[in-house]
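Enquirer: Take this structure, written in structure tokens, and hold onto it; I'll ask about it next.
This is the structure in structure tokens:
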């Protein structure tokens, strides 16, 4: 069914038609050139209102429409051949199509692709703009695309060994309009290190050739490399000095830069706004002693435009970079450290840097509103619930070491909590998933004067945490704590509680408990929850809302009766 023309196009056609002599309006084939151009572009490029149509089908329909319009008569064909936007639309859909699912194999489409490149000239080309094709790109297609390197604006592809070889031989021309390059190298045969021979050498990491783009890509602002690296010589060249985004990940083996080299490279990229070094992108220095500080700062890099920083790797490598990298406190920070041991000096650098990021925004619009604390025996995670502020520490699993009286995660968490008093005083939502509640946490929560919600509480966590929160702040002139008096556990009416001069409880602003499972409302876990609700109801800081998961028939009748008696609303959430 033909799609109606947009209203703006209708008005344009009417205004143009009224200005033409009657003889030129005798047939649709005699419409003004500008009107036909608008029709072609509308038919080919306008998105339909119905969004449920299969994108592949839409692409085929668009292709059919363009080719049909270009064959109506000689006039229409002459006009269509002079509209490069039409052919660029076809070219992009052809290049983004998976080779194995294409209508015809590449050797049958090659000349047609060359013709599309010619007809769409001189428009800029975005290859892979709709997302990665995770199958390796055909080497012939890579070569065909890079014949037009001077027109490519975005290049985003996956490559195997043959594709990489072709790519490396085609990057010696200047790239005037190139803005973004994203390459993922995936070897056709992956060889993991042998567990029988840990010293077995790995293959060198593939590197881009030296002096790519003939040293001239003035608009290049984004470089993303997975499984590959730039040439070491290009890091210090003007080619990368304008970069605003750099991502390197999934690399291992000879050639991976150490923290020292990365700092040297980053010092030449002052405009960086987004930096991600992940999954092996930072190598350890050889013969580096463990349990030592990163050492004196011999060089440093300043990235004052940095907005996001993602670092992942061995704690010594990550700590060494953070010790020498200056960036704004407002920078979103995601850190993942592995191989952390007791007494590790580098982890102190990581904790200080992460705490500085929290504290630097504690009083501004970007202040952390949700604090998530998670830990297990071998891992600790602290975040704001997003990747904007996220720290993950993986503890070394040493089966031969003596059991520690205090788990390492507890030691690290305690150090961090002491370092973020402003954050503790300003956040409004808390998520806690810990094996037990460290004393440092309950001590820190005494300063959480704006905390309003406890979220994702499990039954086990509620049983451990809530009784520890039944404490009060004591000030001069206040009556003794009700929690230490000999009153029974039955509910005291609201009027009685208002007449008592109760000290201010811990978490004075707390009004909502959110539970992730219904097991919190049965047995000893429910006893802990009910006891906390009754204790809070003794004063004027009662809990007013409980959120529980929607499951089965909901809560038991006696649980709902308790909520009603305590004037607590219950909301079921998914």
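Residue numbers (UniProt numbering): 1 to 574.
Just so you know, even glycine gets a beta-carbon here, dropped at the ideal spot from N, CA and C.
1) Report the option in 420, 530 and 386 whose CA atom is closest to the CA atom of residue 564.
2) Considering only residues of the same chain and omitting the five flanking positions on each side of residue 517, which have a CB-CB separation below 7 angstroms?
3) Between residue 448 and residue 420, which are expected to be in contact by the criterion C-beta below 8 angstroms, what is the C-beta distance as a whole number of angstroms?
4) Would you decide whether residue 410 is buried or exposed? Buried here means 16 or more other CB atoms lie within 10 Å of its CB.
5) Between residue 276 and residue 247, is the Cβ-Cβ spacing less than 7 angstroms?
6) So residue 440 packs on residue 418, CB below 8 angstroms; how close in whole Å?
7) Does the stretch 429-440 come close enough to the stretch 348-359 to have 3 or more Cβ pairs within less than 8 angstroms?
8) Let me make sure I understand the geometry here. Which of 381, 385 and 407 has the alpha-carbon closest to that of residue 392?
9) Which one of 181, 39, 462 and 312 has the shortest CA to CA distance from residue 519?
10) Where does the unbroken beta strand (DSSP E) through residue 277 begin, and where does it stop?
11) What residue does the beta strand (DSSP E) around residue 332 start on, and which one ends it?
12) Start and end of the alpha helix (DSSP H) containing residue 520?
13) For residue 214, list the residues DSSP reports as bridge partners.
14) On the criterion of 16 or more Cβ atoms from any shown chain inside 10 Å, does residue 474 qualify as buried, or is it exposed?
15) Just how far apart, CA to CA, sit residue 311 and residue 140?
16) To the nearest angstrom, how far is it from the Cα of residue 229 to the Cα of residue 535?
17) Work out the CA separation of residue 444 and residue 506 for me, nearest whole Å.
18) In terms of DSSP beta bridges, what is residue 376 paired with?
19) Kindly indicate which residue of 560, 125 and 158 has the alpha-carbon position closest to the one of residue 145.
20) Counting along the chain, where does the beta strand (DSSP E) carrying residue 439 start and finish?
21) Tell me the rounded alpha-carbon separation between residue 568 and residue 511.
22) Strictly by DSSP, which residues pair up with residue 184?
23) In angstroms, rounded to a whole number, what distance separates the CA positions of residue 302 and residue 268?
24) Excluding five sequence neighbours on each side, which residues of the same chain lie with their C-beta closer than 6 angstroms to the C-beta of residue 384?
25) For residue 285, which three-state DSSP category applies?
26) Pick out whichever of 180, 533, 138 and 316 has its Cα sitting closest to the Cα of residue 160.
Expert: So, to answer that:
1) Walking along the chain shown from the start, residue 564 turns up at place 564. Here the closest residue by C-alpha is 530.
2) Counting from 1 along the chain shown, the entry for residue 517 is found at position 517. Answer for residue 517: 458, 459 and 549, listed in chain order.
3) Within the chain shown, numbered from 1, the residue matching residue 448 stands at position 448. Within the chain shown, numbered from 1, the residue matching residue 420 stands at position 420. With 8 angstroms as the limit, residue 448 and residue 420 do not qualify as a contact, their Cβ atoms being about 11 angstroms apart.
4) Indexing the chain shown from 1 puts residue 410 at position 410. The residue in question, residue 410, is buried, as its Cβ has 16 or more Cβ neighbours within 10 Å.
5) For the purposes of this step, residue 276 is taken as the residue at position 276 of the chain shown. For the purposes of this step, residue 247 is taken as the residue at position 247 of the chain shown. Closer than 7 angstroms, so yes.
6) Your numbering for residue 440 matches position 440 in the chain shown. Your numbering for residue 418 matches position 418 in the chain shown. Yes, residue 440 and residue 418 are in contact; Cβ-Cβ is about 7 angstroms, under 8 angstroms.
7) no
8) Here residue 392 refers to the residue found at position 392 when the chain shown is read from its first residue. Checking every option, the nearest Cα to that of residue 392 belongs to 381.
9) As a position in the chain shown, residue 519 is number 519, starting the count at 1. With respect to the C-alpha of residue 519, the residue from 181, 39, 462 and 312 having the closest C-alpha is 462.
10) Residue numbering aside, residue 277 sits at position 277 when the chain shown is read from its first letter. From DSSP, the beta strand (DSSP E) with residue 277 extends over 274-277.
11) Here residue 332 refers to the residue found at position 332 when the chain shown is read from its first residue. Note, residue 332: beta strand (DSSP E), 332-340.
12) In the chain shown, residue 520 corresponds to position 520, counting from 1. Note, residue 520: premise wrong, no alpha helix (DSSP H); not H, not E.
13) Working through the chain shown from its first residue, we reach residue 214 at position 214. Answer is none; residue 214 lacks a bridge partner.
14) On the chain shown, residue 474 is found 474 positions in, with the first residue counted as 1. Model confidence at residue 474 stands at a pLDDT of 46, short of 50, so the residue's coordinates are unreliable; what they give is reported in the following sentence. Per the 10 Å Cβ criterion, exposed.
15) In the chain shown, the residue the question calls residue 311 occupies position 311. In the chain shown, the residue the question calls residue 140 occupies position 140. Their backbone Cα atoms lie some 36 angstroms apart in a straight line.
16) Here residue 229 refers to the residue found at position 229 of the chain shown. Here residue 535 refers to the residue found at position 535 of the chain shown. The straight-line gap from Cα to Cα measures roughly 60 angstroms.
17) Stepping through the chain shown from its first residue, residue 506 is reached at position 506. Stepping through the chain shown from its first residue, residue 444 is reached at position 444. Rounded to whole angstroms, the separation of the alpha carbons of residue 444 and residue 506 is 10 angstroms.
18) Here residue 376 refers to the residue found at position 376 of the chain shown. In DSSP, residue 376 forms a bridge with 379.
19) On the chain shown, position 145 is the one that residue 145 refers to. Taking only the C-alpha atoms, the option nearest residue 145 is 125.
20) The count along the chain shown starts at 1 and reaches residue 439 at position 439. First-last for residue 439: 439-445, but that is the alpha helix (DSSP H), not the beta strand (DSSP E).
21) One-based indexing of the chain shown puts residue 568 at position 568. One-based indexing of the chain shown puts residue 511 at position 511. The alpha-carbon atoms of residue 568 and residue 511 are separated by roughly 10 angstroms.
22) Start at 1 with the first residue of the chain shown, and residue 184 comes out as number 184. BP columns for residue 184 point to 158 and 226.
23) Counted from its first residue, the chain shown places residue 302 at position 302. Counted from its first residue, the chain shown places residue 268 at position 268. Rounded to the nearest whole angstrom, the C-alpha separation of residue 302 and residue 268 is 9 angstroms.
24) What you label residue 384 is simply residue 384 of the chain shown in a count that begins at 1. These residues qualify, in order along the chain: 368 and 370.
25) Residue numbering aside, residue 285 sits at position 285 when the chain shown is read from its first letter. In the structure shown, residue 285 sits in coil (DSSP, three-state: anything other than H, G, I, E or B).
26) By 1-based counting over the chain shown, the position of residue 160 is 160. Per the Cα distances, 138.
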